Every structure is written in C-alpha cells, then in structure tokens.
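Below: one structure, written as structure tokens.
There are 2 protein chains.
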Amino acid sequence: MIDFDKLDKTIHEKGRLSIMTMLASRGEWRFQELKDQLKMSDGNLITHLRSLQKASYVSTKKELKRRKVTKYLLTRSGKKAFKEYLRLLEQIVAQGSS
Amino acid sequence: MIDFDKLDKTIHEKGRLSIMTMLASRGEWRFQELKDQLKMSDGNLITHLRSLQKASYVSTKKELKRRKVTKYLLTRSGKKAFKEYLRLLEQIVAQGSS
DNA sequence: TGCATTAACTTTGTGATACAAAGTTAATGC
DNA sequence: GCATTAACTTTGTATCACAAAGTTAATGCA
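Rendered as structure tokens:
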C-alpha cells in the first residue's frame, strides 16, 4: 500500500502544485508571468509563493530594471521535494491503473 | 501548460485519493478494512466516503451476515473520473521531470 | 514637479473543509 | 439482558483557500 501520508501537503495543493510544476519546467518566472499563466489573483498567488518559501522550496531574485521585478525559482530542496512528490504520483498512477 | 483546474478536487484530497486508489486496485472494501489500512478515524473516513458518494464516485453494498457490513466500491463514473485524474497526474509527472 | 501606472506586495474577511472526539443505532452472541 | 461491534451522526475546532481592496515604491510622461 502506498504511504499517502508522505504526499507532501505543501506541494499537494492544486495552486502550489501548478506553481511547482512551472518552476520545475523552467528555471525562473516573474510574479507577473506566474499570475498570467495560472490566472490567480495577486493575493492568492503571493500567499502560495510565501508558503512555498516558508518551506524553503522557493527562493527569489529581485531585479531593478525598468520596473521592479521579482523572479521566483526552486531551491535545491524544493527540487528534491518535488521529485519525491512525483515519485509518489508515479506509484499512485501505477497502482491505480492496475 | 497543464490545466490544473481540471484536477478533480473531489479526488485530489489526500484522504479521498487514498480511498479511490484502494477502491481502484481492488473491487470491494469493507468500512473496517478501509479504516484499518488508512488509519483514519470513523468520522473522517465516513465523511470522505460520503463526499465521494455525493459525487457518485462510490457506491455501497450492504450485507447482513454475522455482523452488519457495508462494502464500498467504485461506480462506473468513479472509475472514469479516477482514470482522468490519473491521466493528469501522468502529465504532471512528465512535465515535472523534463 | 506631480500624476498615472505598474509590480509586488499586505491586510482582511468569508466560506469551505479536514479531522477528531464523543455520542447514537441496530444487530449479534454469550 | 448486557457487552460488543459496525457503521454511522453530531459537534467543535483549526486550518486554509481565495478574493477584494488597500499599500508601497519605483518609473515614465506631461
């Protein structure tokens, strides 16, 4: 039996899962890009980003070009946690379709 | 980009996902079996089962053998919804590990 | 210089829901 | 008849998603 308790709750929420998947598929994303792609409100997006940061899964790079810009990216442990999360998804897929 | 909005919320919750996975892997499970395997409280388990039933994903068979026994199983649309859910998980896994 | 605009927030409120604990019902077996 | 068990229901709490509106600080233009 799969140990569902190991499904990382921080990642498992739909909104954060979508953020993590985006960050995993490409290095850096700006706040606006994430917002546009995911069609989340500012408040919702920043809250999810904050909880991912709190878990040390996501870090930021601030740039001051023309406009203030914040880029978000996965940390090393964020990548690791996501990888482990995917590993469990694979198990679920494998078991579910048996 | 994966459409995360299509991730069925009824299934996506950890507790219910574990129930659905069990039911998908074997036809019928008794309340007690589910409870033992998943280590949920009565109240928690029945609540999740109720919301799965409300979504028409799960149905029951009542038996009156020695003791009152209720068996839970996936409905046709439950199987379909779960399959679709797994399909999306696969996409996430594929995209996430790229 | 000041006003509009934009990015990236923060604050606040609401509603949903996970979850546990304790109580209920109805059947069985001694 | 009394303890036990399965399968619930009820109730309360605490968490959390989410949206809406307000805030701050920087830029660009008139």
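Residue numbers (the working numbering), protein chains in the order written: chain Z, 1 to 98; chain F, 1 to 98.
We treat Cβ as the ideally placed atom computed from N, Cα and C, and that holds for glycine.
Quantities reported herein were computed from a predicted structural model and do not represent experimental measurements.
- For the options ASP42/F, ILE11/F, ILE2/F, PHE4/F, the alpha carbon positioned closest to that of LYS79/F is the one of ILE11/F.
- The Cβ of GLN32/Z sits no closer than 8 Å to any Cβ of chain F.
- Between MET1/Z and GLN32/F, the C-beta gap is not smaller than 8 Å, which leaves the two residues out of contact.
- The C-beta of ARG67/Z has fewer than 16 other C-beta atoms within 10 Å across all chains shown, which makes the residue exposed.
- Given a length threshold of 4 residues, each whole run of the alpha helix (DSSP H) inside the segment 12-79 of chain F is given here in chain order: 14-25, 31-38, 42-54.
- Interface annotation, LYS14/Z: in contact with chain F, CB-CB separation under 8 Å.
- In summary, the residues of the segment 81-96 of chain F whose CB is separated from some CB of chain Z by less than 7 Å are PHE82, LEU86, LEU89, GLU90, ILE92, VAL93, GLN95, GLY96, in the order they occur in the chain.
- Take SER18/F, set aside five residues on each side of it, and the residues of its chain with a beta-carbon closer than 6 Å to its own are LEU38, in chain order.
- At a beta-carbon threshold of 7 Å, the residues of chain F lying near ALA24/Z are GLY96, ordered along the chain.
- One thing to note: LEU73/F has its Cβ within 8 Å of the Cβ of LEU23/F.
- In summary, ALA81/F is buried, with 16 or more beta-carbon neighbours lying within 10 Å of its beta-carbon over all protein chains present.
- The three-state secondary structure of ILE2/F, taken from DSSP, is coil.
- For the C-beta of MET40/Z, not a single chain F residue is nearer than 7 Å; the gap to the nearest is close to 10 Å.
- Proximity of chain Z to THR21/F at the Cβ level (cut-off 7 Å) is accounted for by ILE2, ILE92, GLN95, GLY96, in chain order.
- Taking the beta carbon of GLN37/Z as reference, the chain F residues within 7 Å of it are MET1, listed in sequence order.
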